[in-house]
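For the sequence shown, the residue numbers in this note's numbering are 173 to 503.
Written out below as structure tokens is the structure these notes cover.
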Amino acid sequence: MSDFQIPLLSSLVGFLADIMRVCLEYAYKLTDDLGFPSYGIAIIVLTIIIKTALLPLAVKQIKSMKAMQEIQPLMQQVQKKYKNDPKKLREEMGKLYKEHGANPMSGCLPLLIQMPFLVSIYYALQGFPYDPAHESFLWLESLAVPDSTYILPILSAASTFVISWQTTPKDAPGNQKTMLLVMPLMIGWMSLNFPSGLVIYWIVVNLYQLVQQTIMFREEMAERFKGSKPKKGVVTVHGDVQQENLKETKKKKVIRKRVIRKVVRKKDDGPEAHKEENKEASAEKDAPSADSVKEEKKSSAADTPSREETVKTEPSDTKESKDSGEAEDKK
Numbered sequence: 173m174s175d176f177q178i179p180l181l182s183s184l185v186g187f188l189a190d191i192m193r194v195c196l197e198y199a200y201k202l203t204d205d206l207g208f209p210s211y212g213i214a215i216i217v218l219t220i221i222i223k224t225a226l227l228p229l230a231v232k233q234i235k236s237m238k239a240m241q242e243i244q245p246l247m248q249q250v251q252k253k254y255k256n257d258p259k260k261l262r263e264e265m266g267k268l269y270k271e272h273g274a275n276p277m278s279g280c281l282p283l284l285i286q287m288p289f290l291v292s293i294y295y296a297l298q299g300f301p302y303d304p305a306h307e308s309f310l311w312l313e314s315l316a317v318p319d320s321t322y323i324l325p326i327l328s329a330a331s332t333f334v335i336s337w338q339t340t341p342k343d344a345p346g347n348q349k350t351m352l353l354v355m356p357l358m359i360g361w362m363s364l365n366f367p368s369g370l371v372i373y374w375i376v377v378n379l380y381q382l383v384q385q386t387i388m389f390r391e392e393m394a395e396r397f398k399g400s401k402p403k404k405g406v407v408t409v410h411g412d413v414q415q416e417n418l419k420e421t422k423k424k425k426v427i428r429k430r431v432i433r434k435v436v437r438k439k440d441d442g443p444e445a446h447k448e449e450n451k452e453a454s455a456e457k458d459a460p461s462a463d464s465v466k467e468e469k470k471s472s473a474a475d476t477p478s479r480e481e482t483v484k485t486e487p488s489d490t491k492e493s494k495d496s497g498e499a500e501d502k503k
């Protein structure tokens with residue numbers, strides 16, 4: 173990032189932070205007019221208003237993330253197949269994105285637009301001049317100091333874990349599963365030193381996002397809690413393998429078992445079994461085929477006279493013998 177971009181970004185965040193401070197003051201005055209002045213309620217109301225205003229961008233980001241997760245098993249197949257050919261890998265991944273209407277960059281723009289607003293609230297709350305008369309909230313003595321009971325840090329870590337767990341596939345790589353545990357711990361540790369008002373803001377953001385994701389991922393969440401199997405030929409949001417891939421793995425397992433059985437048999441039987449196998453193979457080679465047997469039968473049938481011919485020849489022979497006998501008697 174250039175020297176020009178950093179001051180520009182910081183000035184933008186500073187400008188938005190000033191606006192957020194003014195908005196927080198108006199929210200506090202609203203609670204005061206309603207008869208229960210509270211900075212804690214003002215923070216919650218302001219956070220909900222800002223998150224609702226940014227809702228269309230957040231929905232677009234979640235849809236993009238959902239589409240990417242649905243094709244994750246196919247992406248893994250393509251990466252495995254063309255891991256040694258980067259050019260072909262890029263081409264196939266582009267085809268995959270186009271075919272399923274997914275774009276890895278489409279979720280970045282909504283997030284980039286939301287970030288300045290969320291960061292500006294962070295800076296607005298970090299040095300906010302609370303009115304000492306109304307800076308307490310629930311069990312907290314002051315929103316300007318960290319929570320000494322550790323309740324808010326625990327809630328911030330737990331809410332961060334739940335929203336991360338919702339969007340992490342079952343077959344996610346090891347680094348994603350590691351981040352699923354590391355991120356909540358980091359948020360909880362930082363919340364120990366942050367002002368309580370800022371931690372309340374973070375918890376409200378997480379709860380809002382939790383409701384939002386639960387609505388958008390309700391079908392996937394139902395399948396995940398019930399433990400039901402995905403439909404045939406369908407890739408779910410949590411990256412379950414397709415039915416075709418399951419068939420291929422079953423075939424591979426069967427072939428592997430057969431190979432292992434053959435190896436075990438050879439080891440158990442020893443050289444004698446090999447000799448018997450060779451004998452059987454040679455006997456099969458020497459044995460006449462069915463076609464040759466049929467040809468031999470045909471030739472033998474052609475050589476041997478039929479019964480009718482033998483019957484016809486018999487009377488002629490008897491006549492000749494009778495004629496010769498009568499001639500001898502005359503003599």
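Cβ coordinates follow ideal geometry from the N, Cα and C atoms, glycine included.
Check                                                                                             : Outcome
Buried versus exposed, by CB contacts within 10 Å (16 or more), K223                              : buried
Beta-carbon spacing of A316, L196 below 8 Å                                                       : no
Sheet register partners of L312 (DSSP bridge)                                                     : F309
Rounded distance between the beta-carbons of S368 and L327, thought under 8 Å                     : Actually they do not touch by this definition, with Cβ atoms about 11 Å apart.
Simplified DSSP state of P288, which is helix, strand or coil                                     : helix
Close Cβ partners of I213 (< 6 Å) along its chain, the five nearest in sequence each way excluded : T203
Residue interval of the alpha helix (DSSP H) (run including Y211)                                 : 211-225
Cα-Cα separation, I191 to V371                                                                    : 20 Å
Nearest-angstrom beta carbon gap, L188 and D292 [assumed within contact, 8 Å]                     : It is Ser, not Asp, that sits at residue 292 in the sequence shown. That pair is a contact at about 3 Å.
Spatial distance of I215 from T332 (CA atoms)                                                     : 19 Å
Buried or exposed (CB count within 10 angstroms, at least 16 for buried), V376                    : buried
Neighbour-count burial assignment, P301, 16 or more Cβ in a 10 Å radius                           : exposed
For A199 and G360, the rounded distance between their alpha carbons                               : 27 Å
Cα-Cα separation between Q381 and Q251, rounded to whole angstroms                                : 32 Å
Assumed close pair Y373, F309 - CB separation to whole angstroms, cut-off 8 Å                     : Incorrect: roughly 12 Å between the Cβ atoms, too far for contact.
Neighbour-count burial assignment, P258, 16 or more Cβ in a 10 Å radius                           : exposed
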